[in-house]
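For reference, the structure discussed in these notes is given below.
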Amino acid sequence: MNSIPRRSARYHFDYGRQSRLASQLGGSAIRFGRSVEIAVIDFHTHSAASDGALSARDLIDRAAREGVRRMAITDHDTIAGYLSVCQSVPSGLELISGVELSCQWGRVGIHVVALGFDPAAPVMTRHLESLDKARRERAEKIADRLDRSGMPGALEGAMAVAEGAQIGRPHFARWMVLAGHVESEEMAFKRFLGRGKQGDISMLWPTLGDTVATINAAGGLAVLAHPLDYKMTATRLRALTDAFRDAGGVALEVINGRPRPGDTDTLWRLVRERDLQVSVGSDFHRDSPYGAGLGVEIAQIPEGMGVWERL
Ligand code: AMP
Ligand code: MN
Ligand code: MN
Ligand code: MN
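The opening residue of the sequence shown carries number 59 in the numbering used here; numbering runs sequentially from there.
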């Protein structure tokens with residue numbers, strides 16, 4: 059029952075495939091090679107300050123032990139985890155400021171990863187305060203909807219699960235399991251919390267444009283997180299990419315967790331077509347047979363393409 063899931067494997071970047079793609083796209087002038095020191099990085103991870111299982115301390119200690127050299131803790135709409143450890147980072151690891159910001163483009167909920175910003179910049183602090191408020195209001199609405207579906211006490215329940223973390227749908231999912239309403243968190247998303255369901259309330263977030271502007275004003279770099287997760291047509295994804303770039307965004311996340319075959323190729327094409335850079339991350343939340351382990355090997359990503367070169 060309660061056995062610890064097998065530690066998931068680190069995603070291994072198949073550069074043979076990428077270099078074939080690059081030459082098809084006229085990338086023969088690209089130079090390869092990178093120092094070993096920065097070969098494993100991770101710019102998308104979650105701690106218990108949002109919906110991750112590990113404390114920020116345990117997360118960075120583990121990343122350092124597993125050979126990650128540069129990373130960011132990118133909790134949903136909070137930098138509390140980052141702030142709790144940024145003064146005492148294990149040697150051999152470089153920790154960059156990060157956060158995964160919820161926003162919306164039209165009616166679609168979008169995630170933007172911010173990297174390397176000044177965590178004390180008032181423009182960022184204000185933005186995070188407004189997200190705190192939005193998340194609390196959203197949690198109340200989710201709880202109302204669950205109440206009407208015969209699940210009373212969801213707000214108190216989810217807040218108890220969150221233990222002071224930035225509240226999100228995964229805390230509601232966990233509570234629904236604990237309260238016996240569903241068998242699994244996956245089922246909670248499938249029935250109530252997932253895209254288009256009653257508990258999926260996305261109209262309260264700041265706009266994509268304001269979000270990217272905030273990141274830039276705080277001296278950071280904006281990365282469009284997991285672009286294929288929004289389930290858009292190719293045309294619509296291009297429009298999103300253009301809106302993101304026009305707002306001042308610089309990179310697409312070409313590796314998020316364990317991409318499905320072909321996904322990375324699709325994203326590389328878009329990156330080159332729109333003259334953007336790339337970012338990569340495990341989106342680690344916890345050990346799971348489905349998710350990726352910490353760290354992404356980037357030794358073979360062409361020079362000049364990684365957003366990390368500007369951090
Ligand atoms: P929120 O930030 O409150 O909108 O919740 C989004 C988070 O819920 C994502 O970052 C995932 O960690 C988690 N999530 C989204 N969809 C699912 C799903 N189908 N099953 C389990 N967790 C999910
Ligand atoms: Mn999450
Ligand atoms: Mn996300
Ligand atoms: Mn994430």
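In this text, a Cβ means the ideal position worked out from N, Cα and C, and glycines have one as well.
Whether residue i touches residue j by CB criterion (9 angstroms)
i: Ala201; j: Ala216; result: yes
i: Ser160; j: Arg193; result: yes
i: Val281; j: Leu173; result: yes
i: Asp135; j: Gly110; result: no
i: Val143; j: Gly156; result: no
i: Ala138; j: Gly277; result: no
i: Asp321; j: His185; result: no
i: Ala97; j: Ala357; result: yes
i: Ala103; j: Gly307; result: The displayed chain sequence assigns Thr, not Ala, to residue 103. Against a cut-off of 9 angstroms, the Cβ pair of Gly307 and Thr103 comes out as no contact.
i: Ser149; j: Ala223; result: no
i: Asp258; j: Leu266; result: no
i: Ala309; j: Leu328; result: no
i: Thr291; j: Met182; result: no
i: Ala283; j: Glu311; result: yes
Secondary structure of residue i, DSSP reduced to three states
i: Trp326; result: helix
i: Ser346; result: coil
i: Gln181; result: It is Val, not Gln, that sits at residue 181 in the sequence shown. Residue state, collapsed to three classes: helix.
i: Val219; result: helix
i: Arg128; result: strand
i: Asp100; result: strand
i: Leu141; result: helix
i: His169; result: strand
i: Trp233; result: helix
i: Gly353; result: coil
i: Trp263; result: coil
i: Ala280; result: strand
i: Val308; result: coil
i: Gly84; result: Note that Gly84 scores 39 on pLDDT, short of 50, meaning its location in the model is unreliable; the coordinates nonetheless yield the value given after this. Gly84: coil per DSSP, three-state reduction.
i: Leu295; result: helix
i: Ile118; result: helix
i: Ser337; result: strand
Length of the line joining the Cα atoms of residue i and residue j
i: Met129; j: Arg294; result: 31 angstroms
i: Val336; j: Gln162; result: 21 angstroms
i: Glu241; j: Phe342; result: 23 angstroms
i: Arg232; j: Gln256; result: 17 angstroms
i: Arg165; j: Trp263; result: 10 angstroms
i: Leu204; j: Ala212; result: 7 angstroms
i: Arg332; j: Pro210; result: 48 angstroms
i: Leu286; j: Glu195; result: 28 angstroms
i: Arg92; j: Val354; result: In this predicted model, Arg92 has a pLDDT of only 43, less than 50, meaning its place in the structure is not dependable; the value taken from the coordinates is given anyway. Looking at the two C-alpha atoms, the distance is approximately 14 angstroms.
i: Asn274; j: Gly362; result: 20 angstroms
i: Ile359; j: Leu352; result: 18 angstroms
i: Ala114; j: Ala246; result: 26 angstroms
i: Ala67; j: Pro347; result: 9 angstroms
i: Pro177; j: Arg249; result: 37 angstroms
i: Asp323; j: Ser207; result: 42 angstroms
i: Gly254; j: Asp119; result: 37 angstroms
i: Leu325; j: Lys289; result: 13 angstroms
i: Asp100; j: Tyr69; result: 11 angstroms
i: Glu198; j: Arg330; result: 42 angstroms
i: Ala106; j: Phe230; result: 15 angstroms
i: Gly238; j: Pro228; result: 15 angstroms
i: Arg123; j: Leu151; result: 9 angstroms
Residue i, buried or exposed, once every other Cβ within 10 Å from all chains shown has been counted against 16
i: Gln145; result: exposed
i: Thr299; result: buried
i: Glu367; result: exposed
i: Glu95; result: Its pLDDT being 49, under 50, Glu95 is placed unreliably by the model, and the measurement read from it follows with that caveat. Under this definition Glu95 is an exposed residue.
i: Leu117; result: buried
i: Gly226; result: buried
i: Leu112; result: buried
i: Leu189; result: buried
i: Met234; result: buried
Contact belief for residue i with residue j at Cβ below 8 angstroms, rounded distance in angstroms
i: Gly349; j: Arg316; result: 7 angstroms
i: Glu158; j: His169; result: 5 angstroms
i: Arg303; j: Leu334; result: 6 angstroms
i: Val270; j: Ala305; result: 4 angstroms
Below-9 angstroms beta-carbon distance, residue i vs any chain B residue
i: Leu153; result: Protein chain content of the structure displayed is limited to a single chain, and chain B is not contained in it.
Check: residue i C-beta below 8 angstroms from any heavy atom of ligand 6
i: Glu367; result: Of the ligands this structure carries, namely ligand 1, ligand 2, ligand 3 and ligand 4, none is ligand 6.
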